[in-house]
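Numbering (our numbering), first residue to last: 2 to 272.
Where a beta carbon is used, it is the ideal one built from N, C-alpha and C, also for glycine.
The structure presented is a predicted model; accordingly, all values stated were derived computationally and were not measured.
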Ligand SMILES: [Mg+2]
């Protein structure tokens, strides 16, 4: 069983400032249907925002959704979402000191950050908006108050589209990377049979975790740089940089995902 996992925003979904190839999403839907591949969306979006994206852009339903930056896992079967309670148990076991409310208390009052709306929080995700120009002082303060105390990871990302800094506190065992590792293990897929596609920020973790990585052509410069650095340090890492000029596609978003899937043999024939 091969797994094709992908980030959504600006990776599978064409919601950045580059022009998408018309028909690329329909092609992705058809190719994944034709080939025996398990499709996994690995995204910061919650369930509702994922469903909105499916409706808005016409991408197919995934087989598995690792949502809320990997803090929730759902299977989509027979037209219904099934929440994976096993994942919750796993995270609690692996990160016993995790305590979202204690983190909330610890960071209350830090200048330059404010709590995100309740739909962006869950038992394993405590999230904030950060004034990007105050990022350094905010992160320094956060490190002092939180780092290493709650079996947590602290992930900062910058949404270049709307200029928002985003700060997530997650259990160290519940990230995009570990959620995908859990799914791969459940389906008995070796890491070499898992392709992960991304474009920015927190995609660095699954891209450098031993899966077959793909960067779409519109990937952030910062991510490209960080991935290249990781590849220099670990020559075993496999990451493909979508180039475009491939079967009439330009390599941005969905087209880059398709190009990467062909590169690793997840797709091996045309429609
Ligand atoms: Mg993205």
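Rounding to the nearest angstrom, what Cα-Cα distance links residue i and residue j in this structure?
| i | j | result |
| --- | --- | --- |
| residue 21 | residue 146 | 43 Å |
| residue 81 | residue 66 | 12 Å |
| residue 57 | residue 78 | 21 Å |
| residue 138 | residue 59 | 41 Å |
| residue 110 | residue 142 | 11 Å |
| residue 121 | residue 102 | 15 Å |
| residue 248 | residue 215 | 17 Å |
| residue 100 | residue 6 | 29 Å |
| residue 165 | residue 44 | 17 Å |
| residue 89 | residue 151 | 16 Å |
| residue 231 | residue 243 | 18 Å |
| residue 246 | residue 50 | 32 Å |
Taking 7 Å as the cut-off, does the CB of residue i come closer than this to any heavy atom belonging to ligand 1?
| i | result |
| --- | --- |
| residue 163 | no |
| residue 201 | yes |
| residue 11 | yes |
| residue 8 | yes |
Got a sec? Which residues, its chain only, sit under 7 Å from residue i by beta carbon, not counting five neighbours each side?
| i | result |
| --- | --- |
| residue 140 | 157 |
| residue 203 | 70, 156, 158, 177 |
| residue 26 | 58, 59, 60, 255 |
| residue 261 | 196, 198, 215, 241, 243 |
Please go through the same chain and pick out, in chain order, the residues whose beta-carbon is closer than 6 Å to the beta-carbon of residue i, but skip the five residues on each side of it.
| i | result |
| --- | --- |
| residue 1 | Since the first residue of the chain shown is 2 and the last is 272, residue 1 is not available in this structure. |
The alpha helix (DSSP H) with residue i in it runs from where to where?
| i | result |
| --- | --- |
| residue 88 | 86-95 |
| residue 104 | 101-108 |
| residue 137 | 136-147 |
Taking 8 Å as the limit between beta carbons, can you name the residues of its chain near residue i, skipping five residues before and five after?
| i | result |
| --- | --- |
| residue 128 | 116, 117, 121, 122, 167, 168, 169, 170 |
| residue 105 | 116, 127 |
Please report the residue range of the beta strand (DSSP E) in which residue i lies.
| i | result |
| --- | --- |
| residue 272 | From DSSP, residue 272 is part of no beta strand (DSSP E); its letter is neither H nor E. |
| residue 170 | 165-172 |
**Request:** Decide if the region 174-191 is in contact with the region 89-108; the criterion is three or more beta carbon pairs, one per stretch, under 8 Å apart.
**Result:** yes
**Request:** Flag this pair as touching only if the region 213-230 and the region 253-271 have three or more C-beta atom pairs under 8 Å; answer yes or no.
**Result:** Look at the beta carbons and you see the region 213-230 touching the region 253-271: at least three pairs across the two are nearer than 8 Å.
**Prompt:** Between the region 226-239 and the region 22-40, do at least 3 Cβ pairs fall closer than 8 Å?
**Reply:** no
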